[in-house]
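If you're matching positions, the sequence shown starts at 113 in the numbering used here and goes up one per residue.
Idealized CB from N, CA, C, for every residue including glycine.
Note sheet for the following structure.
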Amino acid sequence: MTRILNGQVIFVLALTALNTVYASQVLQMDPPFASGEPGPAFLPSMLCIFLYLAAARILFTEIRAQATAPVDTSADTILSEHVPHIRLIGPLIAVGLTILFIIGFFYLGYLVSAFLYTFLIAFFFDFERRGAWKASALLAAAVAFGVTLFGWLFFVKIFELYLPVWEF
Numbered sequence: 113m114t115r116i117l118n119g120q121v122i123f124v125l126a127l128t129a130l131n132t133v134y135a136s137q138v139l140q141m142d143p144p145f146a147s148g149e150p151g152p153a154f155l156p157s158m159l160c161i162f163l164y165l166a167a168a169r170i171l172f173t174e175i176r177a178q179a180t181a182p183v184d185t186s187a188d189t190i191l192s193e194h195v196p197h198i199r200l201i202g203p204l205i206a207v208g209l210t211i212l213f214i215i216g217f218f219y220l221g222y223l224v225s226a227f228l229y230t231f232l233i234a235f236f237f238d239f240e241r242r243g244a245w246k247a248s249a250l251l252a253a254a255v256a257f258g259v260t261l262f263g264w265l266f267f268v269k270i271f272e273l274y275l276p277v278w279e280f
């Protein structure tokens, strides 16, 4: 018999529960096209839908893989050459950095917190894959710059929603 509740399934279920709380807050906003064009609830609505679809896909893949895979206790650990205990550390780092982003967004503003968050997430996962500090840092900086700039332009230019900035 296979174990249905592995680490990935539990993590996806927890993210789905948190997404449901987030979606309940989005439902309290005006509908995305109440004024005829995308409003403030548009992007959060799309994010919630995407997360639900991604969670369903991951659950489907995990359940299907468990049904066809032979029972192997050593397959219960994901190995990484560069980050020990990646199965536990990866999700903890992602959740911890997300919490720090939320706190940083309030105190540091969008530009600083989004850049740092994206840089650290990209750096961690690229370093985990390649194990090269400098190359991972350069790639993470480029990704962080691009994502931060795109996010700023998306909110400010398309939706005309001004994001908080760091007030020195």
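- For Thr260, same chain residues with a beta-carbon under 7 Å away, outside a window of 5 residues either side, are Leu223, Ala226, Phe227, Thr230 in chain order.
- In this structure, Ala167 places its C-beta atom within 7 Å of the C-beta atom of Thr128.
- Here the region 242-254 does not lie against the region 123-139, with fewer than 3 beta-carbon pairs under 8 Å apart.
- DSSP places Tyr274 outside both helix and strand once states are collapsed to three, so it counts as coil.
- Inter-segment contact for the region 207-221 and the region 258-274 is absent: fewer than three beta-carbon pairs are separated by less than 8 Å.
- Secondary structure note for Ala256: its alpha helix (DSSP H) is the uninterrupted segment 245-265.
- Shown here for Val277: same chain residues with a beta carbon closer than 7 Å to its own, the five before and five after excluded, namely Gly221, Tyr222, Leu223 in chain order.
- Less than 7 Å divides the Cβ of Ser157 from the Cβ of Pro144.
- In the structure shown, the three-state DSSP call for Leu171 is helix.
- If you draw a straight line from the Cα of Leu273 to the Cα of Pro152, it comes to about 8 Å.
- Shown here, Ala146 sits in coil according to DSSP, grouped into three states, outside any helix or strand.
- Residue environment analysis places Phe235 among the buried positions, since at least 16 neighbouring C-beta atoms fall within 10 angstroms of its C-beta.
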